[in-house]
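Chains as they are written, first to last, in the numbering used here: chain A, 766 to 876; chain B, 96 to 210.
What follows is the structure, encoded as structure tokens:
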């Protein structure tokens with residue numbers, strides 16, 4: 766596609782529910798990143814994929830967060846047993862060389 | 096570790112005013128530096144970048160010069176427009192993203208331009 770797309774754009778979850786956030790990167794981009802952006806803050810790194818391999822997950826805040834990219838294209842970020850502190854915008858980026866191209870994000874609100 | 100510090104906002108300017116948004120960084124080696132812009136309801140868009148010292152990135156009338164001696168990458172525009180109203184993020188990365196180099200972002204500076 767022309768750019769990175771993410772779905773859903775908005776998600777409201779009750780505390781304790783599981784959620785799944787999807788990212789479709791730019792076609793042909795090998796590298797994919799997930800970031801978390803809290804209100805009024807800059808994005809913070811969560812995890813990185815090169816093709817289907819998750820090479821860095823050092824930014825995942827807890828073991829409730831899980832990401833996958835099984836075929837090296839679409840990626841899913843899953844959050845289990847959501848908590849209020851998980852409320853944020855989750856950004857996906859795919860990259861070419863040293864530039865990252867961001868999707869519009871998924872705004873997650875946990876009630 | 097690597098980090099970016101931006102001037103705090105919000106910033107409010109009249110149309111055609113001069114804009115400066117300060118950005119300084121802490122990093123080892125020779126990072127690449129970026130400015131991203133986020134318009135309301137949209138994702139981050141690359142505005143400009145510079146990959147080595149003394150490089151000047153420019154786009155849409157915005158400019159920023161990579162100053163290694165002052166570890167700065169200040170964003171400037173000579174005459175802002177209402178359409179420039181957005182949040183601006185300064186960022187750095189240590190190398191090609193293909194090797195897993197993440198971006199480090201500042202907290203963002205909100206700019207509002209009034210007619």
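By construction, the Cβ of each residue, glycine as well, lies at the ideal position given by its N, Cα and C atoms.
Computed from a predicted model, the values in this text were never measured in an experiment.
Distance, Cα to Cα, residue i vs residue j?
i	j	result
residue 815 of chain A	residue 104 of chain B	36 Å
residue 184 of chain B	residue 811 of chain A	18 Å
residue 148 of chain B	residue 198 of chain B	18 Å
residue 169 of chain B	residue 200 of chain B	14 Å
residue 834 of chain A	residue 116 of chain B	37 Å
residue 788 of chain A	residue 842 of chain A	8 Å
residue 846 of chain A	residue 840 of chain A	20 Å
residue 852 of chain A	residue 165 of chain B	36 Å
residue 792 of chain A	residue 832 of chain A	19 Å
residue 181 of chain B	residue 206 of chain B	5 Å
residue 119 of chain B	residue 96 of chain B	14 Å
residue 813 of chain A	residue 114 of chain B	35 Å
residue 794 of chain A	residue 861 of chain A	6 Å
residue 145 of chain B	residue 865 of chain A	14 Å
residue 129 of chain B	residue 848 of chain A	33 Å
residue 870 of chain A	residue 774 of chain A	6 Å
residue 167 of chain B	residue 781 of chain A	43 Å
residue 771 of chain A	residue 137 of chain B	12 Å
What are the boundary residues of the beta strand (DSSP E) that residue i is part of?
i	result
residue 827 of chain A	Looking at the DSSP string, residue 827 of chain A is not in any beta strand (DSSP E), and its letter there is neither H nor E.
residue 861 of chain A	853 to 861
residue 789 of chain A	784 to 789
residue 125 of chain B	Premise fails: residue 125 of chain B is in no beta strand (DSSP E) and is neither H nor E.
residue 816 of chain A	Careful: residue 816 of chain A lies outside any beta strand (DSSP E) and carries neither H nor E.
residue 163 of chain B	From DSSP, residue 163 of chain B is part of no beta strand (DSSP E); its letter is neither H nor E.
residue 841 of chain A	840 to 844
residue 803 of chain A	Element bounds for residue 803 of chain A: n/a, residue is neither H nor E.
residue 779 of chain A	Run containing residue 779 of chain A: none; DSSP gives neither H nor E here.
My guess is that residue i and residue j are in contact by the Cβ rule of under 8 Å, so how many angstroms apart are they, rounded?
i	j	result
residue 807 of chain A	residue 202 of chain B	5 Å
residue 784 of chain A	residue 873 of chain A	6 Å
residue 157 of chain B	residue 143 of chain B	6 Å
residue 830 of chain A	residue 844 of chain A	6 Å
Report yes or no: do three or more beta-carbon pairs, one from the region 814 to 833 of chain A and one from the region 103 to 122 of chain B, lie closer than 8 Å?
no
Say whether the region 855 to 862 of chain A touches the region 786 to 804 of chain A, bearing in mind that this needs 3 or more beta-carbon pairs closer than 8 Å, one atom from each stretch.
yes
Can you check the region 133 to 192 of chain B for any beta strand (DSSP E) of at least 3 residues that lies completely inside it and give the ranges in chain order?
139 to 145, 151 to 154, 157 to 160, 170 to 172, 181 to 188
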